[in-house]
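Written out below as structure tokens is the structure these notes cover.
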Amino acid sequence: MKRILIYIFFILFVYQLGLAQDITGKIIDSKTGETIPYANIQVNGSQSLISNTDGFFTVTENNNENASILEISYLGYVNQTITLDQLKSQQNIIKLQPGVFELADVNVSNIKPNPYSIMATVKENLDRNYKREYQSSKEVLFYREENSFSPKKMDMEITKSTGFTKDNLKLANAEITSFNAKIISHPPKEYTDIFCNYYSNVKTEKDKRVFSSKLDVVKATKLKDENRSADVDDLQQTATKMILKHLDTTKYYRVKSGLFGSQDSISLRKDFYKRKLNKENKNQAALTKRTLENFISKNNFSQNSNLDFVTQYELYHYEYEGAIYSNENEFVYVLNFKPKKSKAKYTGKLYISETDYGVVRADYTLADNKTVKGFNMKFLLGIKSSENISKGTLIFNRNASGIGYYLRYASKERGVYFYLNRPLKFIELTSDEKDVLALDIKIEGNTFHKKEIMTISNTEISNTAFVASDEKNFKFIPIKQYDPKLWKGISTIEPLEEMKQFKSIE
């Protein structure tokens, strides 16, 4: 009898484990079968998700009962409400029906709206719609950052040395050649994921409003190959350490590059990098908070003039494409835009509420033959760079008060081509500061950066709750391969297949 009870308990336990799983779904267009990125998914009215670029999303185990209700909405499509059980019966595929779209020459008043009048009203209402509300709040956020480096050419060679023996010089150059080959054959990438609570508070002191904030990081991971950083500065530091191994590790050195002044002192002394690492770890919470706040402010129309397709509409051509109804049954204008003046750089689409003229969504990318910025001193200084990729999506939800908007989701992709052909000198820090070695560096390639942030919830809190909240320092969990178990029960942006397949090379 005892064995039977144990067996039954075991079966029930395994059954419960089977139930307690995250469920992944996919959203597609019912007519074309194309994936729908950045769709809004509400689960039981509590969990708020966004589908990724490939249309995938994941419902966490705390909301995965068959009766759980999913409400899916996307501008230009009919809202759909289904249960999780229905999702499973549909092989985890949700097909959204295209909604009724008012043609460009048809409007509820039978008068074609003027896109420039719409944009003028949008600009007039920017402060009201996007200025931070004067109240204490708690936002649950998920943030992801991707960085990669794709080198076309990578040559580094020690050309002169006063401190190396011939054997040491040959060994050092062999190591550098091997390092170069490894970077080219396996271009480095890294991913950062952060799930956190962000608290903000505004109070009045001496007739002035004072803003303060706290960041509580619940979980943070860093997926990267420690020996193949995607950051060019880190790569230079790795190469520098490789060279310093063959020098006196108890001494300090200065690095000088051509016409530029010297960099900070460097050394392989154990206490040198230990102090630097301790300083970085000690400030991790503050650095992360600054990163998040900076990204959020750069995606706010009232704080960033670089989003000039909204803030400086006189630079662009606008075309009224038509209008749709939002998931709140509000009329939404759809405008296409492209550069009119040379200063304008972007092309894309805006979705604008007829009610308060807030931009509820913006999709933008660099127009043909446009760059964000560049620097070309290739022949004089051996340096050239050009930011040739800049694209993003912004989605805003209306505040609970009914006035203004908060950032629901943002993605920003940035790509830079660069060329570097510079000599480096390592100078020993002594009374006469003698040269130790000279190094030639030639690097050509592209860097790619992508940032995403999703607001899972945004609630008003009391000043007492803000004071009670805590900001603690944290450390990233280093991982060599993406592991969904680490995020079980936590709302995240479903990773793309590329991230799932990434593995650190030993």
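The opening position of the sequence shown corresponds to residue 22 in this note's numbering, with each subsequent residue numbered one higher.
The beta-carbon is built from N, C-alpha and C at its ideal position, and this holds for glycine as well.
For a test of your reading of the model: does the CB of residue 93 fall under 7 Å from any non-hydrogen atom of the ligand NAD? Yes or no. With respect to small molecules bound, the structure shown includes none, and the ligand NAD cannot be examined in it.
Backbone secondary structure at residue 497 - three-state DSSP: Three-state DSSP puts residue 497 in coil, outside helix and strand.
Run through DSSP, which three-state label would residue 394 get? coil
Would residue 419 be called buried (16 or more neighbouring beta carbons within 10 Å of its own) or exposed? buried
Taking only three categories from DSSP, how would you classify residue 214? strand
Check residue 522 in the structure and name its three-state DSSP category. The answer is helix: DSSP assigns residue 522 an H, G or I state.
May I ask you to report which of helix, strand or coil DSSP gives residue 384? strand
So for residue 355, helix, strand or coil by DSSP? When DSSP states are grouped into helix, strand and coil, residue 355 belongs to the strand group.
From residue 488 to residue 220, what does the alpha carbon distance come to, in whole angstroms? 10 Å
For residue 532, which of helix, strand or coil comes out of DSSP? Any question about residue 532 goes unanswered here, given that the chain covers just 22 to 527.
Element boundaries [alpha helix (DSSP H), containing residue 143]: 136-145
At the level of alpha carbons, what is the spacing between residue 480 and residue 310? 19 Å
DSSP beta-bridge partners of residue 68: 64
If we count the other Cβ atoms within 10 Å of its Cβ and call it buried at 16 or more, is residue 54 buried or exposed? In summary, residue 54 is exposed, with fewer than 16 beta-carbon neighbours lying within 10 Å of its beta-carbon over all protein chains present.
By the DSSP assignment, the beta strand (DSSP E) with residue 417 in it spans what residues? 404-419
To which residues does DSSP link residue 427 through a beta bridge? Paired residue(s): 418.
Sequence-distant residues of its chain with Cβ nearer than 6 Å to residue 233 (five each side left out): 222
Could you check where the alpha helix (DSSP H) with residue 198 kicks off and where it finishes? 187-206
Just how far apart, CA to CA, sit residue 450 and residue 56? 59 Å
What residue does the beta strand (DSSP E) around residue 158 start on, and which one ends it? 158-182
Okay, do the segment 348-361 and the segment 398-411 touch, 3+ Cβ pairs below 8 Å being the bar? no
Is the segment 161-170 in contact with the segment 199-213, if contact means three or more CB pairs nearer than 8 Å? With a cut-off of 8 Å, the segment 199-213 and the segment 161-170 count as touching, because enough Cβ pairs lie within range.
Measuring only the C-alpha atoms, how far is residue 135 from residue 341? 7 Å
I'd like the list of long-range same chain contacts for residue 517, defined as Cβ closer than 7 Å, with 5 residues on each side in sequence excluded. Counting only Cβ-Cβ distances below 7 Å, and skipping sequence neighbours, we find 73, 74 and 75.
Indicate whether residue 68 and residue 525 have their beta-carbon atoms separated by less than 8 Å. Between residue 68 and residue 525, the CB-CB gap reaches or exceeds 8 Å.
Taking the alpha-carbon positions, what's the residue 521 to residue 501 distance? 11 Å
Cα separation between residue 156 and residue 62? 27 Å
Using only the alpha-carbon positions, how far apart do residue 177 and residue 262 sit? One C-alpha to the other measures close to 14 Å.
Residues in the same chain with beta-carbon distance under 7 Å from residue 319, minus the five sequence neighbours each way, listed in chain order, please. 325
Could you have a look at residue 44 and say whether DSSP puts it in helix, strand or coil? Here residue 44 sits in strand by DSSP.
What whole-angstrom Cβ distance do residue 443 and residue 424 have, given they're in contact under 8 Å? Contact flag wrong, Cβ pair sits at about 53 Å.
When the Cβ atoms of the segment 429-437 are set against those of the segment 79-90, are three or more pairs found closer than 8 Å? no
Selection from 113, 117 and 111 that minimises the alpha carbon distance to residue 60: 117
Take the Cβ of residue 230 as the centre, count every other Cβ of all protein chains shown within 10 Å, and call the residue buried at 16 or more, exposed below. exposed
Nearest-angstrom Cβ-Cβ length linking residue 323 and residue 151, presumed shorter than 8 Å: 4 Å
What three-state label does DSSP hand residue 148 in the structure shown? helix
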